[in-house]
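A.B. asks: Residue numbers (the UniProt record's numbering), protein chains in the order written: chain G, 1 to 192; chain C, 1 to 192; chain P, 1 to 192; chain Z, 1 to 192. Glycine residues also receive a C-beta, built at the ideal position from the N, C-alpha and C atoms. Provided herewith is a single structure, encoded as structure tokens, for subsequent inquiry.
Number of protein chains: 4
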Amino acid sequence: MSKVKIIHAAVDVFSENGYHRASMDEIALRANVAKGTLYYHFPGKAQLFKTLVVQGFQEVIDKIRADLQADLTLEEQIRRIVRHNLDLFLESSGLAHIVFNELSNGIDQEVLEELKKLRIDYIHFLAEVLEEGKQEGVLRDVNCQLAAAGIVGMLDSAANYFMSNTHELSRDHMERFFYTIITSGLFMTAGE
Amino acid sequence: MSKVKIIHAAVDVFSENGYHRASMDEIALRANVAKGTLYYHFPGKAQLFKTLVVQGFQEVIDKIRADLQADLTLEEQIRRIVRHNLDLFLESSGLAHIVFNELSNGIDQEVLEELKKLRIDYIHFLAEVLEEGKQEGVLRDVNCQLAAAGIVGMLDSAANYFMSNTHELSRDHMERFFYTIITSGLFMTAGE
Amino acid sequence: MSKVKIIHAAVDVFSENGYHRASMDEIALRANVAKGTLYYHFPGKAQLFKTLVVQGFQEVIDKIRADLQADLTLEEQIRRIVRHNLDLFLESSGLAHIVFNELSNGIDQEVLEELKKLRIDYIHFLAEVLEEGKQEGVLRDVNCQLAAAGIVGMLDSAANYFMSNTHELSRDHMERFFYTIITSGLFMTAGE
Amino acid sequence: MSKVKIIHAAVDVFSENGYHRASMDEIALRANVAKGTLYYHFPGKAQLFKTLVVQGFQEVIDKIRADLQADLTLEEQIRRIVRHNLDLFLESSGLAHIVFNELSNGIDQEVLEELKKLRIDYIHFLAEVLEEGKQEGVLRDVNCQLAAAGIVGMLDSAANYFMSNTHELSRDHMERFFYTIITSGLFMTAGE
DNA sequence: AATGAATGAGATTTCATTCAT
DNA sequence: GATGAATGAAATCTCATTCAT
């Protein structure tokens, strides 16, 4: 069906070019549909983009949310946050990067706000996980939102850097690496 | 002189809108020169942008480089890296963010490569600092490039998050915060 | 039945937006039918519009025609012409205005000719009524078609002006007003 | 110069097709300039149209205003109103017709309001001339705005009818004709 | 050194119409 | 009878770039 083809093509085109460089012509071309068909299924470029993010990216977020709701130790929770975030940035790389980094002006105001909210919500959610750990005394007394924003940026940047420089590190290795970086900074340790 | 006015205006416009949304019209308007004047001084949009980055951003990088060349402890070096990076992301926020995050296709290929190289060089430079620490046995056995990319992303993301959400934290506080996060993760500590 | 719903909706949409701004989408939406249904019942936009005019507007014209065929004094005939025209322009305001004023190019040539003919026929019909009065010596020796076109334009313009400026004059008042304007100009009077 | 060529071409295209059917492509083609040139000189279609009307039509209105300010008898004033209006509708036929009849929705709101105001102002101005005559007791006790709107509509409609039906009446004849129609209706005459 | 009028390729969007079901 | 997904031509508008002065 056209709508599905359009969404697939749009994910590719937005991912490869960023929001502003992506053109509706290119999306239609890749989806193998007429330009008008895009506007039959979506009101416009901004809403098409929003749909991608809310239908693709949001799902990932919900998956993380679900995965973390269980009664896990903080260690395990952080381990999973790292894992899911790497999923997000390595697999939906383009889109996630746009949402976390390229949301500037020039997008339909209403859509822009919604996407910014998505990003903030996500960071707040991670911050809450950390906050809990703080209450329990496992974590340093840090500003959890700042820490959450930092973690997301770190994972995105690193994933991006390694992807665009085509280095190959095993997924496992990266997960353990960032887990160590993060926890050994956040957890109280004897030496401090 | 026109050239100076143009560069100042261009920094503002690129910072506020990102590379693609920034328009030569707007830059000329803000610089109070005619549009043709832009093309008298610069071959095109991409080269104008490159000039900004190489003349503005590069200087900052060089300053960091110089500041770190001295014979300092690793602790002090990291402290300064954090400080300079926060400078970069809080003061030249727009431009630095573009260089680290928005460099997609659609920019003149030659210029793009040059800017990407700038980014990579910077990360490699930071990685070298870390590498040294590793040799000295002060640092864990980590992939230094991955760590460097992560650090830059963390600082950018956090700076960005807090700027756009208009929270106000003292600069000092942020510096100490990230220093702790980073070092206590990277340094060997007794508890591990 | 769909056809009836379409005609009702089309009258509204054309009246509100004029021929070119009216869209088939809007008509289908308001008629609560699928867009394809419009094309099942009518060959296209122009023919749909023609149908409205010929089925709605024409009826009004025929009513006037019938009302005037009776053996009335010229005074009474003009009084009725004024009344019916005000009906037309105040009640079917939108459509009548389009037919009398907005028929430009860009409508299917064949349909356009037919609608122009409708307008001309109507003016000719009024002209004939006046012509009769001229023969009887009650009327000045005027060009009756010019006069008829002028009368229609006067009534349309006045109706339109007062509707869009939301002044409120009683219908009766307007009728008498225009009757006086017209007759006292057309009838021979002692003072001339 | 381009701007002049554009205005000339635009007058033609708008006149021939009405506002909505007129296309910027067509205007550029006829002006022998590139499409972009239109947008260099005018912000958009609506403003281009407004410029035409305010620079062309408005001048005519001012000319009438000036011509009537002199100390003339009401008879002479009305004679001149008729003459100038016929000028307007026969010479700037297309544009004037659009302003008086085709101003519907779908034009930039701000521009639309300005043009509607132009039309209303003109009618109010004519109404004032009539009002004066009423004060002097030369005119019947009529609603002067209604009368003014009617007169304009009558002249427009008649001019239009005769132009599109390519009848040929001398200008002089038409002037005298409408003068008689109007005055003999508006002036008190012995027989009433 | 500087200008600004002019360009034209390309972007988003609209909409009457077609057609398989 | 009726549907609605799909189309593609055409519309408005943007903007980096060129060039004569």
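Which residue's Cα is closest to the Cα of residue 176 of chain G: G:164, G:163 and G:155?
C.D. replies: For residue 176 of chain G, the nearest C-alpha among the options comes from G:155.
A.B. asks: Looking only at C-alpha atoms, which of P:75, P:110, P:64 and P:118 sits nearest to residue 181 of chain P?
C.D. replies: Comparing Cα-Cα distances from residue 181 of chain P to each of P:75, P:110, P:64 and P:118, the minimum goes to P:75.
A.B. asks: Compare the C-beta of residue 40 of chain Z with all C-beta atoms of chain P and state if any pair is closer than 7 Å.
C.D. replies: By this cut-off, residue 40 of chain Z is not an interface position.
A.B. asks: Inspect the beta-carbon positions of residue 35 of chain G and residue 28 of chain G and report whether they are closer than 7 Å.
C.D. replies: Cβ atoms of residue 35 of chain G and residue 28 of chain G: closer than 7 Å.
A.B. asks: Let me know the secondary structure DSSP gives residue 74 of chain C once reduced to three states.
C.D. replies: Of the three classes helix, strand and coil, the one that applies to residue 74 of chain C here is helix, per DSSP.
A.B. asks: Closer than 7 Å by beta-carbon distance: list the chain Z residues that pair up with residue 14 of chain P, in chain order.
C.D. replies: By Cβ distance, chain Z contributes nothing, its closest Cβ being about 11 Å from residue 14 of chain P, past 7 Å.
A.B. asks: Could you check if residue 192 of chain G is buried or exposed, using at least 16 other CB atoms within 10 Å of its CB as the buried criterion?
C.D. replies: Confidence is the limiting factor: at residue 192 of chain G the pLDDT is only 40, short of 50, which leaves the residue's position unreliable, though a coordinate-based value still follows. Residue 192 of chain G comes out exposed.
A.B. asks: Listed in chain order, which residues of the stretch 121-153 of chain G have Cβ atoms closer than 9 Å to some Cβ of chain C?
C.D. replies: Listed by position, the residues of the stretch 121-153 of chain G near chain C (Cβ gap below 9 Å) are 123, 140, 142, 143, 145, 146, 147, 148, 149, 150, 151, 152 and 153.
A.B. asks: Going by CA-CA distance only, name the one from P:142, P:68, P:173 and P:92 that's closest to residue 169 of chain Z.
C.D. replies: Nearest C-alpha to residue 169 of chain Z: P:142.
A.B. asks: For residue 8 of chain C and chain G, any beta-carbon pair shorter than 7 Å?
C.D. replies: Closer than 7 Å: no.
A.B. asks: Look up residue 5 of chain Z in the DSSP assignment and say whether it is helix, strand or coil.
C.D. replies: Three-state DSSP puts residue 5 of chain Z in a helix.
A.B. asks: Given a threshold of 16 other Cβ atoms within 10 Å of its Cβ, counted over all protein chains shown, does residue 135 of chain P qualify as buried or as exposed?
C.D. replies: Exposed, since its Cβ has fewer than 16 Cβ neighbours within 10 Å.
A.B. asks: Identify the continuous alpha helix (DSSP H) that holds residue 138 of chain C and give its terminal residues.
C.D. replies: Looking at the DSSP string, residue 138 of chain C is not in any alpha helix (DSSP H), and its letter there is neither H nor E.
A.B. asks: In chain order, what residues of the same chain have a beta carbon less than 6 Å from the beta carbon of residue 144 of chain P, not counting five sequence neighbours either side?
C.D. replies: So the list reads 127, 130 and 131, once near-sequence residues are dropped.
A.B. asks: Determine the extent of the alpha helix (DSSP H) in which residue 25 of chain G is found, giving its start and end residues.
C.D. replies: 24-31 is the extent of the alpha helix (DSSP H) around residue 25 of chain G.
A.B. asks: Which residues in the same chain have their Cβ closer than 6 Å to the Cβ of residue 60 of chain Z, if we skip the five residues on either side of it in sequence?
C.D. replies: Excluding sequence neighbours, residue 60 of chain Z sits near 88.
A.B. asks: When the cut-off is 7 Å and only beta carbons count, does residue 179 of chain Z lie next to chain P?
C.D. replies: No, residue 179 of chain Z does not count as interfacial toward chain P.
A.B. asks: Which residue's Cα is closest to the Cα of residue 164 of chain P: P:97, P:116 and P:51?
C.D. replies: Out of P:97, P:116 and P:51, P:97 has the C-alpha closest to the C-alpha of residue 164 of chain P.
A.B. asks: To which residues of the same chain is residue 99 of chain G closer than 8 Å at the C-beta, ignoring the five residues directly before and after it?
C.D. replies: Hits under 8 Å: 53, 57, 115, 118 and 119.
A.B. asks: Can you confirm whether residue 23 of chain Z, when its beta carbon is compared against all beta carbons of chain P, has any partner nearer than 7 Å?
C.D. replies: Chain P, which has no Cβ nearer than 7 Å to the Cβ of residue 23 of chain Z, makes this no.
A.B. asks: If you draw a straight line from the C-alpha of residue 184 of chain C to the C-alpha of residue 78 of chain C, how long is it?
C.D. replies: Whole-angstrom Cα-Cα distance: 12 Å.
A.B. asks: Tell me which same chain residues have a C-beta within less than 6 Å of the C-beta of residue 201 of chain C, skipping the five on either side of it?
C.D. replies: Outside the shown range of chain C (1 to 192) lies residue 201 of chain C, about which nothing can therefore be said.
A.B. asks: Terminal residues of the continuous alpha helix (DSSP H) containing residue 49 of chain C?
C.D. replies: From DSSP, the alpha helix (DSSP H) with residue 49 of chain C extends over 45-52.
A.B. asks: In chain P, what lies closer than 7 Å to residue 158 of chain Z by C-beta?
C.D. replies: The answer, in chain order, is 146, 149, 150 and 153.
A.B. asks: Whose C-beta lies closer than 6 Å to the C-beta of residue 22 of chain G among residues of the same chain, with five residues either side of it excluded?
C.D. replies: Excluding sequence neighbours, residue 22 of chain G sits near 13 and 14.
A.B. asks: Buried or exposed for residue 195 of chain P, going by 16 or more other Cβ atoms inside 10 Å?
C.D. replies: Because chain P in this structure spans residues 1 to 192, residue 195 of chain P falls outside the shown range and cannot be described.
A.B. asks: Taking 7 Å as the limit between beta carbons, can you name the residues of its chain near residue 33 of chain G, skipping five residues before and five after?
C.D. replies: Answer for residue 33 of chain G: 2, 5 and 6, listed in chain order.
A.B. asks: Enumerate in chain order the residues of its own chain whose CB-to-CB distance from residue 31 of chain Z is below 6 Å, with the five nearest sequence positions on each side excluded.
C.D. replies: Taken in chain order, the residues that qualify are 5, 6 and 9.
A.B. asks: Starting from residue 69 of chain G, trace the alpha helix (DSSP H) both ways and give me its first and last residue.
C.D. replies: Unbroken alpha helix (DSSP H) run through residue 69 of chain G: 58-69.
A.B. asks: Relative to the C-alpha of residue 62 of chain C, which residue among C:72, C:49, C:85 and C:111 is closest?
C.D. replies: For residue 62 of chain C, the nearest C-alpha among the options comes from C:85.
A.B. asks: What does a CB cutoff of less than 7 Å around residue 20 of chain Z pick up in its chain, not counting 5 residues either side in sequence?
C.D. replies: Excluding sequence neighbours, residue 20 of chain Z sits near 106.
A.B. asks: For my contact list, residue 80 of chain C and residue 67 of chain C are in at a C-beta cut-off of 8 Å; report their separation, rounded to the angstrom.
C.D. replies: Contact holds; Cβ gap of about 6 Å.
A.B. asks: Would you list, in chain order, the members of the stretch 46-77 of chain Z that have their beta-carbon closer than 7 Å to a beta-carbon of chain P?
C.D. replies: Those would be none; no residue qualifies.
A.B. asks: Identify which residue in P:137, P:125 and P:173 has its Cα closest to the Cα of residue 152 of chain P.
C.D. replies: The candidate whose alpha carbon is nearest that of residue 152 of chain P is P:125.
A.B. asks: Is residue 140 of chain G buried or exposed, if buried means 16 or more other CB atoms sit within 10 Å of its CB?
C.D. replies: Buried, since its Cβ has 16 or more Cβ neighbours within 10 Å.
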